[in-house]
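Everything on this sheet refers to the single structure shown next.
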Amino acid sequence: MFKLPAFAAILVSLAACANKSDEIAASFVSPTPYQGMTCQKLAAEAQVVANRAAAASTAQDKKASNDAVATGVGVVLFWPALFFIKGDGSQAAEVGRLKGEMQAIETANTANNCNIRFAS
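Taking mature numbering (1 follows the signal peptide of the UniProt record, and there is no 0), I'd label the letters of the sequence shown as residues -18 to -1, 1 to 102.
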């Protein structure tokens, strides 16, 4: 029979798992620094931020995947594996900040009528 402490540990470990990058909301970043840029500089900055966001998202997704594996192993085979679940941290904050920067660049793009196309 399931014991309450074991069940509680499983619930806590599931709540502590890292989120996938697409589940992380964008943080607010002011578009003001970008609004004074030329369209060419804005496009170059968008490319730099997009590349950094892609790398940060890949790292966050790997972290989420590792947490999911540790949870599965902990629940099914070896409960001490639950202690290896790290959850969200600075990597998730970086993903949110970079998403916010992309939104700020898109806002400046619209305000400056640059017609830069952004991929989702």
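Glycine residues also receive a C-beta, built at the ideal position from the N, C-alpha and C atoms.
Assignment of M84 by DSSP, reduced to helix, strand and coil, places it in the helix class.
Under the three-state reduction of DSSP, S12 is assigned to coil, being neither helix nor strand. Check the Cα spacing between Q42 and each of M84, A74, N97, T89: the tightest is with A74. Under the three-state reduction of DSSP output, G18 falls in the coil class, being neither helix nor strand.
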